[in-house]
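There are 2 protein chains.
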Amino acid sequence: MTTVSAVEALGDPASPEALESLFARFSARFGDRFSRSEALREQHANTLTWLKVQAPDAVLFAETTEEVSEAVAACAAARVPVIPFGAGSSLEGHLNAPFGGLSLDLSRMNAILAVHENDLDCAVQAGVTRKQLNEHLRDTGLFFPVDPGADASLGGMAATRASGTNAVRYGTMRDAVLGLTAVLADGRIVTTGGRARKSSAGYDLTRLLVGSEGTLGVITELTLKLFGIPETILAGVSTFQTLEGACNATIAALQMGLPLARIELLDEVQVRGCNAYSKLSLPEQPTLFLEFHGSEAGAREQVEIFSEIAQGEGGGALEWAARPEDRSKLWQARHDAYWAAKNLRPGTDLIATDVCVPISALAACVTETKQDIERLDLIAPIVGHVGDGNFHVMPLIDMSSAHEMERARQFLDRLIERALRYEGTCTGEHGVGQGKIRYLVAEHGEGVDVMVAIKKALDPLNILNPGKIFAADL
Amino acid sequence: MTTVSAVEALGDPASPEALESLFARFSARFGDRFSRSEALREQHANTLTWLKVQAPDAVLFAETTEEVSEAVAACAAARVPVIPFGAGSSLEGHLNAPFGGLSLDLSRMNAILAVHENDLDCAVQAGVTRKQLNEHLRDTGLFFPVDPGADASLGGMAATRASGTNAVRYGTMRDAVLGLTAVLADGRIVTTGGRARKSSAGYDLTRLLVGSEGTLGVITELTLKLFGIPETILAGVSTFQTLEGACNATIAALQMGLPLARIELLDEVQVRGCNAYSKLSLPEQPTLFLEFHGSEAGAREQVEIFSEIAQGEGGGALEWAARPEDRSKLWQARHDAYWAAKNLRPGTDLIATDVCVPISALAACVTETKQDIERLDLIAPIVGHVGDGNFHVMPLIDMSSAHEMERARQFLDRLIERALRYEGTCTGEHGVGQGKIRYLVAEHGEGVDVMVAIKKALDPLNILNPGKIFAADL
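Just so you know, the sequences run in chain order A and B. full-length UniProt numbering puts the first sequence at residues 1 to 474. full-length UniProt numbering puts the second sequence at residues 1 to 474.
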């Protein structure tokens, strides 16, 4: 379970002199957009992760693809690691600097370069956040659907292959990115994919870079698919007697091809957290938050069909979020699930983890996970993008207690072992980062060697985000 | 436009002795599943391509992944190229053997290994064809949507990132493949992806192998997404005054999010061909073949909305294919477009090519292409998966005439130049093979170097399908 495949750490790391000389040049070249201040360095590694902070040696705010290229080439020449940084909302230690190096902050690359309304696509710089893009699109009748909880940068979302509540209908970043511009480990700038909806012209470099977590290239621009805002959006809440009932209703709806836009499971612990944090008053039972998109008649028909299915599985009648503001409140509560969970045991740390299994295994996998939570006496709410078979568990841990940490580690190991036993994956949308390196071989076997061969071919010096996905030095 | 980036041809090709020794071993090991007969060798390179046939030295019918592994490892040791073969329906010379070698025929690996109805997925061997799979699924209420014209093998469809008429609604092979088993250039067997609907666990090797045209691995098994057969399927034909009208109606429908299942454009030349070949009696004008999937009310609503849009763009009323047999006839005619086109000028060869552009550029790109056809005095029907911006042109050429061949080459060069000018791709679904190598750098620039670096990392001896995608030796 814990076999580890490692790309060697930097074979020939920067000497202190080379580092000083490089940083002196960066300081002269970029002025106050380059900084070695401790506060800034700490902030660039201190994300939502529960892993220990490993600050970079310096931070550079890049403003153009050419600057990124220049910086990466200079870092490569000096053997200094480069850690791309977007909004800082990643969960698995992606932004840590275990070998030191430069945090390359792309948040100022936040221009929306083009919106092609007729083609339902747009071009953005990597630092644009998902909310910023949707704000910009507001008057076009279009929207960008991928919505991780945080207001992440689109570059970071691509790098971690993020998804969110809409994936069951609109796909993940794997599907959303039509093409991208990236800076490779030697500073070369490549453009992949394009604006055509499909292509068979060569290897799918776009999909290779999406999910590569900054280890193959620094994504600086993206071409993204957009969707028309549906004529009618209906949202509501359905409460179930059991987790199985909620999962089975989900399976039945998917099987009949009901085009659910969102179907989110909250266990009774998470509902309790949301009630307190987001001022809801839901029954503390397994609950589905749902959204239906379509024409007016179409959306209403979906609701009727789903209501019938839910009732057959012990679900209560759908509680409507009729007004747009009620709907916003509902989804804000869902997006705030992390903070609501944290609130259930103040003063502790929250370990946000996720797995994804075939939908038919979801009820069993969630149920066994809850039994393990009880057995270990943890507080660990569960929320899930159940239309994808993806769920999150968030153990609340006192990290100063070795005993609690040990229980948490056991829990995580078993959670992933269970997901893999059900032919699932160790992470549906958070990525590997540092936190899941130890599970990758169990999931992909020799496939990891193929990944490492690609990493070595494209980044032979292991400059780009070293110690993520592959390296063992946790 | 014609810059070429080449992976070197086999540096150290098999000596005649090594080849004889290998083939003697294969003959002893595989009996009559291994053959050097001229007829069989010719047949394994003589596909629907217009490129000249380059037969392999021998053919092996493999029956298991382990046999594929054994054969590839032995070929690698002897420096003998391996050309994977499925149904032989590829269009760009993928199955040619410019450096000789072994055609590895997977058509006997045609077992359907599992159908998971609850998860809407299945596992198949690579030699299963799309029609075989759908026949097998008949009683499950599920179907597999990707449908290139030919009854291709699913392994070959994955290898060329194929699509077809349903892609606008159900996606291409890029989307349909959840995971796969492949034999690498050294004979190692890897399994990529999995059965979870999404994953962020490492590089997307599935998507890297899909579309790699047998140059990175021999795909032997696939896990594929399935879909529920919709409650209601409505199909019909809409005739337009102009190509622009048909394209504009398509754009408008997509923009409002109408979930079109199929929207296929035929120009008046192709309609003439289909009328003759498939015994239809359609007006010889630009025509859309359409299909709508949904609940009964939902599908009817889509039809009404589309009819209104079409009328606004000069389209006639929708002619219904009301009975299932009428619908089958319509789509069979569409799938037979290749043969119908060929029939327009008997005795000539048909060059089947495809490009794909952003949908907003479709009308202009098709119109300019038709002007070029007229200028060059070619007969070249056009059919298109216009919901994706993808269209096919099929010049009918007397290949014994140097003059005609020269005009055809000019036409193809300009077609692709035009598609790239509109930010499109040199191939939407046929692949690069040998026929489009010369356009790849114009489309992807330095990206081609990245592809070559990956190819060299995973197949350093250039054993797997050499001379496809990259090599220059046409």
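The C-beta atom is built at its ideal place from N, Cα and C for all residues, glycine as well.
*asked:* Counting beta carbon pairs with one atom in the stretch 387-401 of chain B and one in the stretch 351-361 of chain B, are three or more of them shorter than 8 Å?
replied: yes
*Is it true that the stretch 146-162 of chain A meets the stretch 208-224 of chain A, where meeting means three or more beta-carbon pairs spaced less than 8 Å apart?*
yes
*asked:* So for Gly125 (chain A), helix, strand or coil by DSSP?
replied: For the sequence presented, residue 125 (chain A) should be read as Gln rather than Gly. Gln125 (chain A) falls in the strand class under three-state DSSP.
*Nearest-angstrom Cα separation, counted from Leu19 (chain A) out to Leu464 (chain A)*: 16 Å
_Given this structure, state the Cα-to-Cα distance separating Gly467 (chain B) from Val432 (chain B), to the nearest angstrom._
11 Å
*Proximal residues, the stretch 174-203 of chain A versus chain B, C-beta separation under 8 Å*: Arg174, Asp175, Leu184, Arg188, Ile189, Val190, Thr191, Thr192, Gly194, Arg195, Ala196, Arg197, Lys198, Ser199, Ser200, Ala201, Gly202, Tyr203
*List the residues of chain A that Leu230 (chain B) touches, going by C-beta distances under 7 Å, in chain order.*
Residue identity differs from the one stated: residue 230 (chain B) is Pro in this sequence, not Leu. What Pro230 (chain B) touches in chain A: Gly257.
*Does DSSP put Cys426 (chain B) in a helix, in a strand, or in coil?*
coil
*Buried versus exposed call for Asp473 (chain B) [16 or more other C-beta atoms within 10 Å across all chains shown]*: Confidence at Asp473 (chain B) is low in this model, with a pLDDT of 44, below 50, so its placement is unreliable and no value can be given for it.
*Among A:Ala408, A:Ala55, A:Met451, A:Ile397, which has the Cα closest to the Cα of Arg208 (chain A)?*
Here residue 208 (chain A) turns out to be Leu, not Arg, going by the sequence shown. Comparing Cα-Cα distances from Leu208 (chain A) to each of A:Ala408, A:Ala55, A:Met451, A:Ile397, the minimum goes to A:Met451.
*Quick one: any contact between the stretch 229-238 of chain A and the stretch 310-326 of chain A, if contact means 3 or more CB pairs under 8 Å?*
yes
*Work out the CA separation of Lys455 (chain A) and Gln311 (chain B) for me, nearest whole Å.*
54 Å
*asked:* Comparing C-alpha positions only, which one of B:His385, B:Ser89, B:Glu70 sits nearest to Val82 (chain B)?
replied: B:Glu70
*Starting from Glu244 (chain A) and walking both ways along the alpha helix (DSSP H), at which residues does that stretch end?*
243-255
*Quick one: is Cys122 (chain A) near chain D, going by C-beta distance under 9 Å?*
Looking at the structure shown, chain D is missing, and the protein chains on hand are A and B.
*DSSP on Glu92 (chain B), reduced to helix/strand/coil?*
coil
*Reduced DSSP category for Pro84 (chain A) - H, G, I as helix; E, B as strand; rest coil*: strand
*Same chain, Cβ closer than 7 Å to Lys436 (chain A), neighbours up to 5 away in sequence not counted*: Glu92, Cys426, Thr427
_Taking a contact to mean a Cβ-Cβ separation below 9 Å, would you say Ala261 (chain A) touches Ile219 (chain A) in this structure?_
no
_When you compare the stretch 93-106 of chain A with the stretch 56-76 of chain A, are there three or more beta-carbon pairs, one atom per stretch, that lie closer than 8 Å?_
yes
*At a Cβ cut of 9 Å, what residues of the stretch 342-369 of chain B count as close to chain A, listed as they run along the chain?*
Asp354, Val355, Cys356, Val357, Pro358, Ile359, Ser360, Ala361
*Scan the stretch 73-96 of chain A for residues whose Cβ lies nearer than 7 Å to a Cβ of chain B and list them as they occur along the chain.*
none
*Residue ranges of each alpha helix (DSSP H) within the stretch 260-310 of chain A, 4 or longer*: 268-277
_With 16 other Cβ atoms within 10 Å as the buried cut-off, status of Met173 (chain B)_ = buried
*Neighbourhood of Ala126 (chain B) by C-beta, 7 Å cutoff - its chain only, sequence neighbours within 5 removed*: Gly86, Leu106, Met109, Ser153, Leu154, Gly155, Ile219, Thr220, Glu221, Leu222
*So, using beta-carbon positions, are Gly187 (chain B) and Ala97 (chain B) closer together than 9 Å?*
no
*asked:* What does the Cβ neighbour count give for Ser278 (chain A), buried or exposed, with the cut at 16 atoms within 10 Å?
replied: buried
_Counting only beta-carbon separations shorter than 9 Å, does Glu417 (chain B) have a partner in chain A?_
no
*Quick one: what does DSSP say Trp50 (chain B) is sitting in, helix, strand or coil?*
coil
_List, from N- to C-terminal side, the alpha helix (DSSP H) runs of 4 residues or more that fit wholly inside the stretch 361-433 of chain A._
362-375, 402-421
_Residue(s) in a DSSP beta bridge with Val357 (chain B)_ = Looking at the DSSP assignment, Val357 (chain B) forms no beta bridge with any residue, so it has no partner.
*With 9 Å as the C-beta to C-beta threshold (strictly closer), list the residues of the stretch 444-458 of chain B near chain A in chain order.*
His444, Gly445, Glu446, Gly447, Val448, Asp449, Val450, Met451, Ala453, Ile454, Lys455, Lys456, Ala457, Leu458
*Residue range of the beta strand (DSSP E) that Gly236 (chain B) falls in?*
232-239
*When the Cα atoms are used, what is the spatial distance from Ser27 (chain B) to Leu216 (chain B)?*
26 Å
_Strictly under 9 Å for the Cβ-Cβ distance: is His116 (chain A) near chain B by that measure?_
yes
*Are the C-beta atoms of Asn390 (chain A) and some chain B residue less than 9 Å apart?*
yes
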